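Trainee:
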Amino acid sequence: MSDIKVEICVDSVESAVAAQTGGAHRVELCDNLMEGGTTPSFGSIEVAKKLLDIKLHVIIRPRGGDFLYSETEFEIMKRDIEAAKKLGVDGIVIGLLDSDGNIDTQRTAELVELSRPMTVTFHRAFDVCRDPLKAIDELAEIGVDRILTSGQEATAVEGLDMLADCVRHAASRITIMACGNLNERNINKVVATTGVKEVHFTAFADVASGMRFRNERVFMGGTLRPPEYSRSVTDAGRVASIKSLAIDGTRRRPWHAPGRYPRAVSKQSERTALFARKV
């Protein structure tokens, strides 16, 4: 049996079900992936929980932007956690910083306590904190179960060295879950090189709209103009394929000593869709 766990980031119930079909161990349900993910509707959570046999994690994030939250936003987060618990969610995903880029340990500890018995993942707020190794110590002490990170770079490929350092530093105290544009081309190397035992990625494919009548003069994206007549939905086949490559990566360790992956490779950007870089 493989020691790698696969979490798929999804923005719809349809995608959550497809992730399960593709062999994911769990899903993280979000809204607004173009903003890095915000709290999904309670209706989406309830229906997803009803349809899934795998673990369901939910992001608790009241808005896009930074991770410095007002008192009002913090109250919203607490209410959303209470609602998620009532809906039977298995885990929540949070991330809070202070204005100096340190982990907001007091508020994080409060949310962790409120969340139990759900598990807690600290999301990519970690990637913009001041001192990642200190943050690992603090989050482990608080009782956070895992950290989602691309190694403080835009993508996991660029953050290979830091990812490996985080895995070593965390040891058995807290799980390091790799993310950041993981795909068919790179997940094998990332898993083999860093030693991570959990990975998080999207596996979208474009699906054409069923609308026959189309008014293409109007769009709903403000100053942005995303396609109105196609959407991205998780592809079960891609989930299965990327998962298989991740499993193979565990068999190929080590390609290089941890933290010694060639810089010429680790600095290659894999620039694809904006939302893929964010998750």
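Numbering (the numbering used here), first residue to last: 342 to 620. The beta-carbon is built from N, C-alpha and C at its ideal position, and this holds for glycine as well. Small disclaimer: the values here were computed from a predicted structure and weren't measured.
May I have the straight-line CA-CA distance separating E412 from R420, to the nearest angstrom?
Mentor: Approximately 13 Å, taken between the alpha carbons.
Trainee: CB A497 to CB C470, shorter than 8 Å?
Mentor: Cβ distance not < 8 Å, so A497 and C470 don't count as in contact.
Trainee: Suppose you measure from the CA of A512 to the CA of G551; what does that come to, to the nearest Å?
Mentor: Rounded to the nearest angstrom, the two C-alpha atoms are 49 Å apart.
Trainee: With DSSP as the reference, identify every bridge partner of R448, one or two as the case may be.
Mentor: Paired residue(s): none; R448 is not in a bridge.
Trainee: Out of H398, A450, V548, A424, which one is the CA nearest neighbour of G378?
Mentor: Nearest C-alpha to G378: H398.
Trainee: Please confirm if the segment 444 to 464 is in contact with the segment 419 to 433, defined as three or more CB-CB distances below 8 Å between the two stretches.
Mentor: Touching, yes, given that three or more Cβ pairs across the two stretches are closer than 8 Å.
Trainee: Excluding the 5 residues flanking E355 on each side, which residues of the same chain have their C-beta closer than 7 Å to its C-beta?
Mentor: Only V574 meet the Cβ criterion.
Trainee: Pull up the distance between the alpha-carbon of D478 and that of F408, whole angstroms please.
Mentor: If you take the alpha carbons of D478 and F408, they lie about 19 Å apart.
Trainee: By alpha-carbon positions, which one of G442, P473, L480 ends up nearest to F463?
Mentor: Looking at the Cα atoms, L480 is the closest of the given residues.
Trainee: Express the C-alpha separation of E376 and R465 in angstroms, rounding to a whole number.
Mentor: About 12 Å.
Trainee: Report the option in M418, G442, K584, R593 whose CA atom is closest to the CA atom of A621.
Mentor: Outside the shown range of the chain (342 to 620) lies residue 621, about which nothing can therefore be said.
Trainee: Quick check: Y570 and R558, are their CB atoms within less than 8 Å of each other?
Mentor: Contact flag unset, no.
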